[in-house]
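Heads up: the structure comes next, in structure tokens.
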Amino acid sequence: MHIPVALRSLATAALFTPWNTSQWVASDDTVRNGASHSTLDIIAPGAPGNPFPESVVKFYGTLDYETLGGAGFASQRTVDDWTGLDLSAFDTITLEIPFADGKRYSFNLKDTVPPPINGVEQSGVSWEFAFQLPAVEHTDGAVERVVMPISEFVPTFRGRVQNDTAPLDLASIKRVNIMIRSFFAEQDGDFELHIKSELTISDILVATSAGGRQCSHFLAHSENSAVELRNNYPDAEVLVRGASAVFHAGPSIHSRERETGLNMIDAATAESQTPGSRFRHFVLSTVLGTQHRKLMQHDLKSYVEERLVLSPIPWTILQPTNFMDSYPVAKLAAMETPVMERMWSPDVANSVIAPRDLAEATAKVLIEGEKHYYAQYPLCSTTPISDAKVIEIIGRQIGRDVRVNKPSFEKGVDFLLNMVFGSNVNNAQSGFGIVGTEGGLRPEISKDEAERLVLFYNRYGLVGNPNVPRWLLGREPTSVEEWVSIKLAEAKFKPST
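What follows is the structure, given as structure tokens:
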């Protein structure tokens, strides 16, 4: 099934590509009178052992632990006048390895380098990530990938874990080294490892959205972009590959909303179980009150929530109510005689949420991650308030009465479908046949959902309490009065005197 892609965010940077051996120097246990030694050589493109168009580095030598009683090591480190690295914007370092000998290696970072004493290099705290690949020799351009989350680097001193060190200063990495050590007499002998490239990778966040209501700024803004996204990410499995987090807002009032959500959750679950996976969080945005069986889209979302809750992946469920931006404040302010149509009775009270409150809450959950695992957050900015009361507040701030027309049931349904699947949302591709209904083979089911929704809101309201957003945001949620003022300021509205 096609999943509308709102955002797949990835930032990468090459650390030592192209390789330059003048930036590296041996740092073996000979500094402590050991017998291990290492060399770093460049394998040129097209040379034996390098099928790639760029150079590959060969780290090789001999590891001995008998001379030092079990504590041998051989390594290549960056030179003393190396400029250093700022890794503060990244969370992962990835090695691409076409050749491995089956031995255990480590990749180390240092933010402090002790000065030499009498010309002899001194030991210091190294932040280490150990890895071991099976023996492999790729000659067809394939590579093995060693994914190293920086948060999992361990502080060590002479191979022993330290528990009282300051956090690694990622903004000031002063030394990098590639090492093989005996791990206290566990391995020795000749060794060889080829590294094609070293990359730093930031988080990959996959965000999906039905028609841009929650992700309008990230959706494809041209048909060419939409086609490219569909070609690059033809299914959910490809979309989540390599992702560290997913934010999924399903296609509400779509005939296959449930299937879309289940596909995303199952794909994320499979991704989380692949070797070297970085996946750690699935954030699902549904709706306030999924218990409402009278509302088909709420019922469908409840099945998606159930699938996620019973999955093995860490999750958070956000349950926002209706958005304040369904009231066209700027448009009403520009009218001489303000008139708006609602799809149902304006006297039924609903709780509403300001999009900025939802955005801030979502960002907080994604950034803070583990703190919000396995939480469900019902989200609304206000206690119940009727459309009539909201319109009264708008009228008071623009200095004119606003008339509210309630259309017939049939027109209300058509209005709702047009709002959800309209031809344009901030120029995002969300019209019929593009994103909003793509993959929907049963449009009459969408109409069934819209009809039930209008009937529901003519009699009942979607009500909630803003205490959860108040706690989550650490501030008062946005009131209707405040939100109307913000929209008028954005529109540069000046009331007539």
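Under this note's numbering, the first residue of the sequence shown is numbered 354, with each subsequent residue one higher. The beta carbon of each residue, even a glycine, is placed where N, CA and C say it ideally should be.
Taking Trp836 as part of the alpha helix (DSSP H), name the residues at either end of that continuous run. Position 483 of the sequence shown, counting from 1, holds the residue named residue 836. In the DSSP annotation of this structure, the continuous segment of the alpha helix (DSSP H) that includes Trp836 starts and ends at Val833 to Glu843.
Using CA coordinates, which residue listed in Thr383, Leu368 and Asp439 is at the minimum distance from Gly425? As a working mapping, residue 425 is identified with position 72 in the sequence shown. When only C-alpha atoms are compared, the closest one is Thr383.
Tell me whether Phe537 is buried or exposed, calling it buried when 16 or more other Cβ atoms sit within 10 Å of its Cβ. The residue given as residue 537 occupies position 184 in the sequence shown. Within 10 angstroms of the beta-carbon of Phe537 lie fewer than 16 other beta-carbons, which makes it exposed.
Taking the beta carbon of Ser441 as the centre, do at least 16 other beta carbons fall within 10 Å, making it buried, or is it exposed? Position 88 of the sequence shown, counted from the start, is the residue given in the question as residue 441. Per the 10 Å Cβ criterion, exposed.
Reference Ile738; option with closest CA among Thr674, Thr465, Ala579 and Arg385: Within the sequence shown, numbered from 1, the residue matching residue 738 stands at position 385. Here the closest residue by C-alpha is Thr674.
Any idea what DSSP makes of Val559, helix, strand or coil? For the purposes of this step, residue 559 is taken as residue 206 along the sequence shown, with counting starting at 1. Per DSSP, reduced to three states, the secondary structure at Val559 is strand.
Cβ pair count under 8 Å reaching 3, the stretch 705-725 against the stretch 814-828: Short answer: they touch.
Assigned exposure category for Gln429 - 16 Cβ within 10 Å defines buried: Counted from its first residue, the sequence shown places residue 429 at position 76. It counts as buried.
Whole angstroms is fine: what's the gap from Ser638's alpha carbon to Ile744's? Taking the sequence shown and counting its residues from 1, one reaches residue 638 at position 285. Taking the sequence shown and counting its residues from 1, one reaches residue 744 at position 391. Their backbone Cα atoms lie some 28 Å apart in a straight line.
According to the Cβ coordinates, are Ile746 and Pro691 closer than 8 Å? The residue labelled residue 746 in the question sits at position 393 within the sequence shown. The residue labelled residue 691 in the question sits at position 338 within the sequence shown. Their beta carbons are not under 8 Å apart, which means Ile746 does not touch Pro691 by this criterion.
Can the beta-carbon of Val529 be found closer than 8 Å to that of Thr431? Locating residue 529 in the sequence shown gives position 176, where the first residue counts as 1. Locating residue 431 in the sequence shown gives position 78, where the first residue counts as 1. In contact: Val529 and Thr431 (Cβ atoms closer than 8 Å).
Quick one: residues in its chain with C-beta nearer than 8 Å to the C-beta of Val701, no 5 flanking neighbours on either side, listed in chain order? Position 348 of the sequence shown, counted from the first residue, corresponds to residue 701. Counting only Cβ-Cβ distances below 8 Å, and skipping sequence neighbours, we find Ser739, Asp740, Tyr810, Asn811, Arg812, Tyr813 and Gly814.
By Cβ distance below 7 Å, which residues in the same chain neighbour His651 in space, the five residues on each side in sequence not counted? Translated into the one-based positions of the sequence shown, residue 651 becomes position 298. Closer than 7 Å at the Cβ level, and outside the excluded window around His651, lie Val640, Gly642, Thr643 and His645.
Below 6 Å CB to CB, which residues in the same chain sit around Ile787 once its five sequence neighbours on both sides are set aside? Sequence index remark: in the sequence shown, residue 787 carries index 434 (1-based). For Ile787, the predicted model reports a pLDDT of 33, less than 50, meaning its position is unreliable and no value from the coordinates is stated.
Rounded C-alpha distance that separates Leu841 from Glu694: For this step, residue 841 is matched to residue 488 along the sequence shown. For this step, residue 694 is matched to residue 341 along the sequence shown. Taken atom to atom, the span from the alpha-carbon of Leu841 to that of Glu694 is near 20 Å.
Against chain B, does Pro667 count as a neighbour if the rule is that its beta carbon must be under 8 Å from one of theirs? Within the model displayed, chain B is absent; a lone protein chain is all it includes.
Starting from Phe768, trace the alpha helix (DSSP H) both ways and give me its first and last residue. In the sequence shown, the residue the question calls residue 768 occupies position 415. Annotation for Phe768: the continuous alpha helix (DSSP H) segment containing it runs Phe762 to Phe774.
Could you pull out every residue in the same chain whose Cβ sits closer than 8 Å to the Cβ of Trp377, ignoring the five residues on either side in sequence? Mapped onto the sequence shown, residue 377 falls at position 24. Excluding positions up to five away in sequence, the list reads Leu393, Gln429, Arg430, Thr431 and Val432.
Residue range of the beta strand (DSSP E) that Ile533 falls in? The residue labelled residue 533 in the question sits at position 180 within the sequence shown. For Ile533, the uninterrupted beta strand (DSSP E) run begins and ends at Arg528 to Arg534, by DSSP.
Enumerate in chain order the residues of its own chain whose CB-to-CB distance from Asn577 is below 7 Å, with the five nearest sequence positions on each side excluded. Start at 1 with the first residue of the sequence shown, and residue 577 comes out as number 224. None.
Phe544 and Leu416 look like a contact to me (Cβ under 8 Å); what is the Cβ gap, rounded to whole Å? By 1-based counting over the sequence shown, the position of residue 544 is 191. By 1-based counting over the sequence shown, the position of residue 416 is 63. About 6 Å separates the two Cβ atoms, so the contact holds.
DSSP three-state label for Met693, please. As a first step, residue 693 must be located in the sequence shown, where it is residue number 340. Residue state, collapsed to three classes: strand.
Sort out for me which residues DSSP pairs Thr374 with in a bridge. Within the sequence shown, residue 374 is the residue found at index 21, counting from 1. Among the bridge pairs identified by DSSP, Thr374 is matched with none.
Gln684 classed as buried or exposed, judged by whether at least 16 other C-beta atoms fall within 10 angstroms: Within the sequence shown, the letter at position 331 stands for residue 684. The sequence given here places Lys at residue 684; Gln does not occur at that position. Exposed is the call here.
Between the C-alpha atoms of Val466 and Gly414, what's the straight-line distance to the nearest angstrom? The residue you call residue 466 lines up with position 113 of the sequence shown. The residue you call residue 414 lines up with position 61 of the sequence shown. When rounded, the separation of the alpha-carbon atoms in Val466 and Gly414 is 25 Å.
Lys800 and Val757 - do their beta-carbons sit closer together than 8 Å? For the purposes of this step, residue 757 is identified with residue 404 of the sequence shown, where counting begins at 1. For the purposes of this step, residue 800 is identified with residue 447 of the sequence shown, where counting begins at 1. No Cβ-Cβ contact shorter than 8 Å links Val757 with Lys800.
Let me check one thing: in DSSP terms, what residues is Met501 bridge-paired to? On the sequence shown, position 148 is the one that residue 501 refers to. Beta-bridge pairing links Met501 to Ile446.
Return the chain-ordered list of same chain residues with a C-beta closer than 6 Å to the C-beta of Val409, the five sequence neighbours on each side being excluded. As a working mapping, residue 409 is identified with position 56 in the sequence shown. Around Val409: Ile396, Asn403, His547 and Lys549.
Nearest-angstrom beta carbon gap, Val593 and Glu624 [assumed within contact, 8 Å]: As a working mapping, residue 624 is identified with position 271 in the sequence shown. As a working mapping, residue 593 is identified with position 240 in the sequence shown. About 5 Å separates the two Cβ atoms, so the contact holds.
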